[in-house]
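Residue numbers (UniProt numbering), protein chains in the order written: chain A, 1 to 296; chain B, 1 to 296; chain C, 1 to 296; chain D, 1 to 296; chain E, 1 to 296.
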């Protein structure tokens, strides 16, 4: 998650330098050909305007859907924060078997670490810290680690509900609902992670921007000569920057400064839960990166 | 679901070659008539612009609704994934009758295969693999196969809740809620499948694009001669491509590379559920098609 | 619900012939006056463009809200389909009093027929086929027929829950939730039916289109003479067709080819429910109308 | 709620006569100054167009939010209708204490009248008709009348659930959920009533329309002389009318013909509930106002 | 929350004086250079128009998301109002242990004060007024004060449900659901508070407005000389004002006149709850600020 409103020149160039070079080259070539070989033909001004209308739709559409994916991802993980707190509160106060409650709260932290690693597709075994050796062995038999951890939770929940001093049906229901919520949060995150945004939209957007840049250079070169290179690049920069902007948040679980700060969120839950368990060796919040510019 | 961002030239031509030919022909005819028979008349430039405004609304509207249908379909099947996991978890851990639980989990895989076949309107009897001979006979009496399978689930759920060692009301409620969710997921999928997008929108969009192409060729031919054919086609291509784009995801349960990858989703659930049942002969994930371009 | 993507010329003319004639007349008059009495004055081109911007907002706004009403109506009736299946499944499998269950399922079909008649404001007593003589007499005392039928359902649900062999609280809760859903579906349908879309939007849209047609004819007549009549009509046709389009789905429970096919949906539920009751005299699905063009 | 699609000239003038006069005056002054003092300067045409783009956003934004508030208000009261019917159905059929049920249904009608009066900020004591003298005294001690009535309902619900013949926990739960829904409906209505739409949007919209009118008159006066007064007013009328339109439904609980017809909705519920109680002195539905033009 | 529709000149200047000065300076410099050094070059008019299209998307996008955040924040706190009333109603009428009920209602007011202070990031210990000394000590051990208060509520809820005369499972469930809602409301508020709106959108919007102002001055200076300074500033003012407008409600829990009036909402709940507890020393509603212009 980006934290500073003023982007460094570094980030802007990092995002756009490739298309910037490409556009300047294209505009120069188009300008040269138009001025030297077709000095009299003049493409009417309303054509780039019409194309701009279609393009504005594409760029707005992509950005809206990207933002919706990003914000939905944020809402899902916000929900996981809330339900993690409710899970801890219910286990600590509505059950008498404190040992089992502690085990289930620890294991829930492990679930979050495993889910984070699975969404980011990195090899990260931090979740093992919160599981017993026996549990790790069971979990390793399954291809979907966080789902396997939830099975363990369900087993212990059934244990709490059948052994003396046992919790009654209403408490069982409340805890099972939270378990279902965790399952839904996991599945929704996977849906956003695994569903590719229709690639045709992205492809045509890029294609149409390049056509627009060409048309603008053509319609401007007669009036202002080689200055049309700058103008073509400028308009192209505006559209490309807007488009690239949206693309950076399209896959909100990537390891990008603009994406959902899973490290920071999981750490916050971890701290809250360990505090509730009255532990003393509580880790520090996640650090910001590159001079406080963003967190991951 | 398309997986690659760079569309092959093959797919673009496949999508648009018919309208491309049609537009080039139309532009050529219009250009020829305008240049030879009405060399002096000039239609004002602001008319195509005004028409473009109306058209932009139509194209944006169609695309937005198409995307909403596509994304809702994806959410519905994401929900089926989550609830399938919860169904398995609950049956394995909250009941003692393991044989009945296995039967109900197997049958659920059958339900998903039957629903997939029904949505794609193909003759596919894969679901029978997960039903007993007796069940297949019962199910075949009904016109709606997946609904008939759910009736069997309800019957066994009632059995679990009344026979010793029986599940209590709270567990019955949790499982019945999941059953209702499956029913809702099925009904919502059928709604999207069976509801035709208002055909007038599609028809008028196409009509207006052809009118726009004609007007653009007319307003450009005086200025740039036969090059107006290229210009008319170019603008028309942009609008047609955008429109056709949206149409490919309008019916998200069709067997199209852009649509919801039901094969892949059902297979993923199948693998998860068979793993949970500790089966060993687990099928492989669905393969990608045409050099990793898409999955179905 | 329209089924064919290619509109017959018949339907387009049926929708627009009145405004088409009106516009052609208006354009002719305006053109005649402008050419003969104000041959030199020229209204700037950017005025119709500015008006077009405002108009595009109006037309888009109306169409979006119309589509939302239409799609919400479709979702409501999709929900009634799902809940009708769940209602039948629960009554048949979770109760032992099969006679009462059959009565309540029959009565539910009656409820749907009564709701359909009430939404379409037609005199249709089909619902009586599924009620006993005694029930018909009770229901006739109330002004709101479907609501009265639901009262009978609640009475029998209470009977099921108190008489031996009775259903327990959890099953009572599940069935009562479905009853509440039916009540909500009915109320939501009535809300869409009875809430008039703010009339000012519709009125001003029409007014502004007529103003736009006038302005376009005025700004074109100097350049292209009496051909401005065609141009004025063409742009007006695009806006009027778009607007009329939206209006046809604004009241989705009307008896219009574009509206929600209540006949077909109710018949589908009827067939599903009678099949579940193992009846043999099951009615055929609703027929399509006018050469497969639409269903009602 | 307006019922007729054709607005009378009376209503249009009533809505806009002030700004109409103001705009005509402004245009005349601007026109006079421009023609007499700056006969040669010419502001480029693209400036009003650019301003129009920004303005279109503002007007669309305000109208969209206004409509959302209006439609949300309608949904809330539609929900109150549905839950009132469920409340009555549950009390009459799921309880044995008919006297208490009647009292609670009567009191619910009182709740709706009190809520209506509170939302419209009028002194209306109709609610007292449905409360006993004792209850009126209790309610009068609180500043929020409808909330106080709900406290009485909760008290009687607890009575029903503890005294013999008492309702069981499941019925208690169902009725308590409805009570919570009433509380939510009340709170949501208050939220819409009490939250002022960000005033900056309304203010800047008006400011920008006046600037646009000025610019249009300036850019048109050179070409068409004093006819620019009409043109300036016409464009201004379109934007002002659109803006004022939205504002009339921004506060949907006001006593305006365009707003939510609380009188009519409350009366409909009253009739339904009294019918269910088999009362004979049932009031007539609310009348339409000004020749069937609208209801309140 | 702003209460008056007419903004004082004071507020407009306060919001925009910095960019106003900056724009006037920029326009003057650009105008001077263009008129004196490039008197003949003329940038085509359609370039600012195209840029305006892209800019309109950015400004609309930012404003829409800002308004959505603001309105969601308002809905969350409206939900807290509703649930606070339900919490009080349930505790007072569904439990017999009046002392414990009072304690839990008092503590809930403390929770709201603690949540408000935490969202506004101010040092405000008002919440201590509603907690006992012992509770304050426990709460101070945790970094998240409102969450710690909820743990105390859960503890007392468990007490109510296990000690004689105890509440049954259904009442426990209803109260626990409200507790979960409070937890969700808190978490959702924190999500909006802590999630920075993607900074790239804000940054590029500002950048593109400055480019647009430059282009407009360049394209106007040839036609109208130094008057282009005013025109450039005017268009820039419209876009900047719109953008700044949106930014003021982007973080709706800030201490700004446009933001959610937490003081006023918390005070309203406090009054309602103390009235329900029949207290006599009830505080007055929050005062409006700066001559009734806004409340906090």
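Glycine residues also receive a C-beta, built at the ideal position from the N, C-alpha and C atoms.
| Query | Result |
| --- | --- |
| Extent of the continuous alpha helix (DSSP H) to which residue 104/A belongs | 98-120 |
| Contacts that residue 85/C makes with chain D (C-beta to C-beta distance below 8 Å) | In chain order: nothing, as chain D lies at least about 21 Å away. |
| Neighbour flag for residue 108/C against chain B, beta carbons, 7 Å | no |
| Status (buried if at least 16 other CB within 10 Å, exposed otherwise) for residue 269/A | buried |
| Short-range partners of chain D found in the segment 63-77 of chain E, where Cβ spacing is below 9 Å | 63, 64, 67, 70, 71, 74, 75, 77 |
| Alpha carbon of residue 291/E to alpha carbon of residue 167/A, nearest angstrom | 57 Å |
| Residues, ordered as in the chain, of the segment 123-152 of chain B that lie near chain C by beta-carbon distance below 9 Å | 141, 142, 143, 144, 147, 148, 150, 151 |
| Candidates 120/D, 59/D, 231/D: closest to residue 215/C by CA position | 231/D |
| Segment contact, 8 Å Cβ cut-off, at least three pairs: the segment 14-27 of chain D with the segment 20-29 of chain E | no |
| With 16 other Cβ atoms within 10 Å as the buried cut-off, status of residue 297/D | The structure shown has nothing for residue 297/D, since chain D only spans 1 to 296. |
| CB contact below 7 Å: residue 191/E versus chain D | no |
| Residues of the segment 182-209 of chain C with Cβ closer than 8 Å to any Cβ of chain D, in chain order | 183, 184, 186, 187, 188, 190, 191, 195, 196, 198, 199, 200, 201, 202, 203, 204, 208 |
| Residue 94/A classed as buried or exposed, judged by whether at least 16 other C-beta atoms fall within 10 angstroms | buried |
| Beta carbon proximity, residue 219/C to chain D, threshold 7 Å | no |
| Contacts that residue 93/B makes with chain A (C-beta to C-beta distance below 8 Å) | 151, 154, 155, 157, 158 |
| Beta-carbon neighbours of residue 46/E, restricted to chain A and to distances below 7 Å | 45, 48, 49 |
| Beta-carbon proximity check, residue 275/A vs residue 142/E, cutoff 7 Å | yes |
| Proximal chain D residues relative to residue 61/C, where beta-carbon distance stays under 8 Å | 60, 63, 64, 67 |
| Listed by chain order, chain E residues near residue 242/A by CB distance under 8 Å | 54, 57, 58, 204 |
| Reference residue 73/C; option with closest CA among 198/C, 190/C, 102/C, 218/C | 190/C |
| Segment limits, alpha helix (DSSP H) that includes residue 199/B | 199-224 |
| Burial state of residue 103/A, where buried means 16 or more other Cβ atoms lie within 10 Å | buried |
| Beta-carbon gap between residue 205/D and residue 62/D smaller than 7 Å | yes |
| Residue span of the alpha helix (DSSP H) that contains residue 259/B, given as start and end | Element bounds for residue 259/B: n/a, residue is neither H nor E. |
| Exposure of residue 10/E, with buried meaning 16 or more beta-carbon neighbours within 10 Å | exposed |
| Residue interval of the alpha helix (DSSP H) (run including residue 67/C) | 46-94 |
| Cutoff 7 Å: residue 82/C Cβ touching any chain B Cβ | yes |
| Buried versus exposed, by CB contacts within 10 Å (16 or more), residue 113/D | buried |
| Chain-order list of residues whose beta-carbon lies under 7 Å from that of residue 175/A (same chain, five-residue window excluded) | 90, 157 |
| Neighbour-count burial assignment, residue 284/E, 16 or more Cβ in a 10 Å radius | exposed |
| Limits of the unbroken alpha helix (DSSP H) element including residue 251/E | Looking at the DSSP string, residue 251/E is not in any alpha helix (DSSP H), and its letter there is neither H nor E. |
| Reference residue 35/A; option with closest CA among 260/A, 220/A, 257/A | 220/A |
| Extent of the continuous alpha helix (DSSP H) run through residue 191/B | 169-194 |
| Candidates 263/B, 272/B, 236/B, 293/B, of which the one nearest residue 55/B by Cα | 236/B |
| Unbroken alpha helix (DSSP H) run spanning residue 163/E, endpoints | Run containing residue 163/E: none; DSSP gives neither H nor E here. |
| Below-7 Å beta-carbon distance, residue 214/A vs any chain B residue | no |
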